[in-house]
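Numbering (my numbering), first residue to last: -17 to 366. Where a beta carbon is used, it is the ideal one built from N, C-alpha and C, also for glycine.
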Ligand SMILES: NC(=O)c1ccc[n+]([C@@H]2O[C@H](COP(=O)([O-])OP(=O)(O)OC[C@H]3O[C@@H](n4cnc5c(N)ncnc54)[C@H](O)[C@@H]3O)[C@@H](O)[C@H]2O)c1
């Protein structure tokens, strides 16, 4: 807070120098003072210049849960967006910007798409994502998450795309990782799904170094929540995730929620996870892209990984209690056995993304996560 005297001197000085003045300290420029009017005009001019040449981004998996939120975030910030999706788990009505229905294995379609649009960046969300399914049918996962990813990287190279953001996952870390898990933790995935994510990261690192691509891999923890206006959210009715299933029981469309294990070495015996709101994930993508663009020296490739989590964990029972509180409905549950490969506690150390990208979660408190997910759930799966 400025003292009254300093404020009066500043007002007098700005009257004398209406376009602005520089405050010196020991003859060195220390501050610039401009009128608020002048400041606003400068900010608007900057916004306009950004809008004049919007970056064009290809969002693969743009009709999916996280891709659609990220695409909307980009559009709202003035980027042009093309969403590519084969609608295997995505929904046409979620896709933002221009929508192209197609599969990453279709090289003719990819060639046409990349030739028609000169993409400045690619955000790669398209993948199969179910851990249990990946254990039953690993090759399905390697084909889609690895082989199709190679097609995409080859297109990026052929069409000189400079910036690439990849949706990775905390499943790349080993079971022995120290909690909170930092990016340096050992990479020993215990599922075929996690292995596909790790293999793609490794390919991306080598590819970036060889061809000057600027790439970021974002390792998400547990994505949750929905858009504030309840127009986008998780639409997979058969999801194995805790929160959507708890909401189904709260809504009455399912009788009981099975908790997988209550004998973990945690305070209440149930597993603890780090929940990150999908809007915070979307913002992380934009921050990552801005970071790549700002730090691109036009020569060397870059590959960076960042955890995207809050650093805070909630147990299954804490989530169920919160669902009861924020929905006003009971959630009946029963205990079942542990699921193979489930770890007791998975919490991110988000220090790197906070330090390097300046990203901070804004929506990832339990109340916002559950109330946005609930509003979306009621709209999608029927009011009652
Ligand atoms: N949901 C999470 O908690 C979580 C956590 C960590 C990482 N991720 C990663 O985030 C990304 C997005 O996940 P999501 O939760 O939004 O899943 P999602 O299933 O809603 O989205 C994936 C989208 O990709 C599309 N797709 C799949 N294969 C395709 C192909 N070959 N060609 C074109 N489109 C294809 C699907 O139709 C779908 O719309 C995935 O890469 C996933 O591995 C998700």
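Rounded straight-line distance, which links the Cα of residue j to that of residue i
i	j	result
residue 114	residue 172	11 Å
residue 183	residue 353	34 Å
residue 131	residue 355	30 Å
residue 222	residue 281	44 Å
residue 129	residue 12	54 Å
residue 286	residue 230	38 Å
residue 331	residue 292	8 Å
residue 51	residue 187	26 Å
residue 359	residue 84	28 Å
residue 211	residue 349	15 Å
residue 55	residue 69	21 Å
residue 238	residue 175	28 Å
residue 316	residue 219	20 Å
residue 245	residue 53	40 Å
residue 120	residue 126	10 Å
residue 344	residue 261	8 Å
residue 277	residue 67	30 Å
residue 333	residue -3	45 Å
residue 34	residue 314	Note that residue 34 has pLDDT 48, beneath the 50 cutoff, so the model's placement of it is unreliable and no number is given.
residue 79	residue 62	7 Å
residue 77	residue 234	29 Å
residue 149	residue 74	20 Å
residue 42	residue 95	12 Å
residue 116	residue 323	13 Å
residue 153	residue 225	19 Å
residue 362	residue 243	30 Å
residue 163	residue 336	14 Å
residue 305	residue 206	13 Å
residue 196	residue 325	33 Å
residue 308	residue 342	24 Å
residue 208	residue 112	20 Å
residue 181	residue 123	12 Å
Beta-ladder partner(s) of residue i, from DSSP
i	result
residue 296	255
residue 105	41, 147
residue 284	196
residue 163	330
residue 5	13
residue 316	240
residue 67	83
residue 290	202
Three-state class that DSSP yields for residue i in the structure shown
i	result
residue 80	strand
residue 110	coil
residue 50	helix
residue 262	helix
residue -6	helix
residue 205	strand
residue 342	coil
residue 62	strand
residue 321	coil
residue 336	helix
residue 73	coil
residue 95	helix
residue 155	coil
residue 191	helix
residue 217	coil
residue 171	coil
residue 100	coil
residue 246	coil
residue 311	coil
residue 222	coil
Whole-angstrom C-beta distance between residue j and residue i, which should lie under 8 Å
i	j	result
residue -5	residue 3	6 Å
residue 295	residue 329	4 Å
residue 145	residue 275	6 Å
residue 254	residue 203	The Cβ separation is near 11 Å, so there is no contact.
residue 134	residue 106	6 Å
residue 271	residue 48	About 15 Å separates the two Cβ atoms, so there is no contact after all.
residue 118	residue 151	Incorrect: roughly 18 Å between the Cβ atoms, too far for contact.
residue 101	residue 40	5 Å
Residue-level contact to chain C via CB, residue i, 9 Å cutoff
i	result
residue 324	Among the chains of the structure shown, chain C does not appear; only one protein chain is present.
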